[in-house]
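To start, the structure itself, in structure tokens.
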Amino acid sequence: MYADRLFNALERNDPAPGQLLVAAPDVLVPHYNRSVVLITEQHAGRTYGVDLTKRSEMAVFNVMPEWLPVVAKPQALYIGGPHNQQAAIGVAMTRQGVDIEKQPSLSRLAPRLALVDLRVGPDAVTELVEGMRLFAGHFEWGPGELDEEIDRGEWYVAPALPQDVVSSGSTDTWSDVMKRQAMPLPLFSTFPRYIDEDN
47 MYADRLFNAL ERNDPAPGQL LVAAPDVLVP HYNRSVVLIT EQHAGRTYGV
97 DLTKRSEMAV FNVMPEWLPV VAKPQALYIG GPHNQQAAIG VAMTRQGVDI
147 EKQPSLSRLA PRLALVDLRV GPDAVTELVE GMRLFAGHFE WGPGELDEEI
197 DRGEWYVAPA LPQDVVSSGS TDTWSDVMKR QAMPLPLFST FPRYIDEDN
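Going by the working numbering, the first residue of the sequence shown is number 47, and it counts up by one from there.
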């Protein structure tokens, strides 16, 4: 395994809301493979995030049709993670000029990137967002767990861009994020997907 040596040799960012967790090229945990997890919240020592790469076959129209006008294409539900998949999480790219801090329906993650309070309904955010994604479920780490995984070289921490959330269906988000990092990470952007031969 060289990913642990590679990632541990690089300068580290602290995991925080608005940062991405980029899975190591050769990570052997199947549900981490080529994942890009956007950290959405940290509370009481726990870290929460949604995977930007796992699109489901379920159309938003079939489960939350009222949100369809603001959901970016492809308008599918994404699988945010293995925990609490019966609950939806909204993440949006805001329109130019929107002051996220002044919008009670939005919680700032990064410039032009915000969590959406789905309780307010789509009419409250239609004029505020340029596109959004709906995620079923999330990732969750207890106190110290994420730091241990980063120390083992399973994740690289990088700043998120709003386009990471609303990229087109043909985009390889993991590869694109790797390409924009400092060398030598772009060299690994074409690393093949891990295949679990037991399944």
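Every residue, glycine too, gets a C-beta built ideally from N, C-alpha and C.
Just to confirm my understanding: we take residue i, look at its own chain, exclude 5 residues before and 5 after, and list those with CB closer than 7 Å. What are they?
i      : result
SER153 : ALA160, LEU161
MET166 : Before going further, note that residue 166 is Val rather than Met in the sequence given. Excluding residues within five positions, the ones whose Cβ falls inside 7 Å are SER151.
ILE146 : THR140, LEU152, ARG154, ALA160
Looking at residue i: is its Cβ nearer than 8 Å to the Cβ of residue j?
i      : j      : result
LEU164 : ALA204 : no
PHE185 : GLY91  : no
MET178 : VAL144 : no
ALA70  : TRP201 : yes
TYR124 : LEU180 : yes
LEU273 : THR86  : Nothing can be reported for residue 273: it is not among the residues displayed for the chain, which extend from 47 to 245.
VAL175 : ARG141 : yes
MET139 : VAL82  : no
PRO120 : GLY215 : yes
ARG101 : TRP220 : no
In the DSSP output, which residue or residues are listed as bridge partners for residue i?
i      : result
TYR124 : ARG101, PHE181
SER153 : LEU161
VAL82  : VAL68
GLN88  : THR93
GLY136 : VAL162, LEU180
HIS77  : Answer is none; HIS77 lacks a bridge partner.
TRP44  : A query on residue 44 cannot be resolved here, the shown segment of the chain reaching from 47 to 245 and no further.
TRP201 : ALA69
So residue i and residue j are supposed to be a Cβ contact under 8 Å. How far apart are they, rounded?
i      : j      : result
MET224 : VAL68  : 7 Å
ARG122 : VAL106 : For the record, residue 122 in the displayed sequence is Ala; it is not Arg. About 6 Å; that satisfies the 8 Å criterion.
GLN88  : PRO63  : 6 Å
TRP113 : PRO168 : 5 Å
VAL287 : VAL171 : There is no way to answer for residue 287, as the model of the chain reaches only from 47 to 245.
Please list, in chain order, all residues of the same chain as residue i whose beta carbon is under 6 Å from its beta carbon, the five residues on each side excluded.
i      : result
PHE237 : PRO71
HIS129 : GLY183, HIS184, GLU186
Quick one: does residue i have its CB under 8 Å from some CB of chain D?
i      : result
THR219 : No chain D appears in the structure shown, which is made up of a single protein chain.
Give every residue of the same chain whose Cβ lies closer than 8 Å to the Cβ of residue i, excluding the five residues on either side of it in the sequence, and list them in chain order.
i     : result
ARG58 : ILE196, VAL203
ASP60 : VAL203
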